[in-house]
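So the working numbering is basically just the index in the sequence shown, starting at one, shifted up by 516.
Cβ atoms here follow ideal geometry from the backbone N, Cα and C, with glycine treated the same way.
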Amino acid sequence: MKQIIKFLAIAVVMFAFAGTVQAQTATASSNAAAVIIAPLSITNTAGLHFGTIMRSATAGTVSIATNGDRSSLGGVTLSSLTPVHSAATFDVEGESGRTVTITLPASTTITNAASDNMVVDNFVSDPDDANPVTLTGAATVLRIGATLNVGANQPSGTYTGTFSVSVNYN
517 MKQIIKFLAI AVVMFAFAGT VQAQTATASS NAAAVIIAPL SITNTAGLHF GTIMRSATAG
577 TVSIATNGDR SSLGGVTLSS LTPVHSAATF DVEGESGRTV TITLPASTTI TNAASDNMVV
637 DNFVSDPDDA NPVTLTGAAT VLRIGATLNV GANQPSGTYT GTFSVSVNYN
């Protein structure tokens with residue numbers, strides 16, 4: 517009889533723990549969102565032009581300010597002959613109220629038909645490239661000036677080249 521009681525006791529204990537075992541599950545929810553903004557665009561509306569310059573035996577520089585003013589240092593003489601000098605202008609458009617940064621080139625080279633060249637450097641902008649610019653909804657006008665380095669006895673010719681300006685959302 518002891519064996520039957522022992523057997524029944526073991527059977528009761530086994531049935532007590534024989535219930536269904538379930539893995540624990542937890543669930544949480546999250547929000548999903550997106551912000552859609554207008555793409556940035558930058559369009560060149562006028563080129564950077566240093567105007568007509570008379571060479572000399574001494575090197576010099578010609579600078580164009582962001583407002584289009586022209587000045588010189590060293591051995592160059594500025595001429596009033598056409599073409600006239602001008603700052604470059606760009607229209608920047610994007611999402612109103614967003615800020616953008618402006619990136620200017622360090623330098624570029626302009627070349628004539630005979631492969632003579634001059635370096636353009638010291639690029640400046642208005643608005644200033646050192647500070648973020650807040651877009652207003654209308655095109656933001658970006659004005660670019662720079663300095664042309666004219667060599668001593670720089671060969672005659674029409675010198676041309678390109679430079680790139682970038683804008684990026686912050």
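The beta strand (DSSP E) runs of length 3 or more contained entirely in the region 546-587 are, from start to end of the chain, 557-562 and 576-580. Taking V657 as reference, the option from A575, G677, A603 and S623 with the minimal CA-CA separation is A603.
When rounded, the separation of the alpha-carbon atoms in S631 and Y675 is 9 Å.
As a beta-bridge residue in DSSP terms, E609 pairs with S557. In the structure shown, L620 falls within a coil segment according to DSSP collapsed to helix, strand and coil. Relative to G563, the option among S595, A542 and R659 whose CA is nearest is R659. The three-state secondary structure of T663, taken from DSSP, is strand. Taking one beta carbon from each stretch, the region 561-575 and the region 643-652 have fewer than 3 pairs nearer than 8 Å; the two do not touch.
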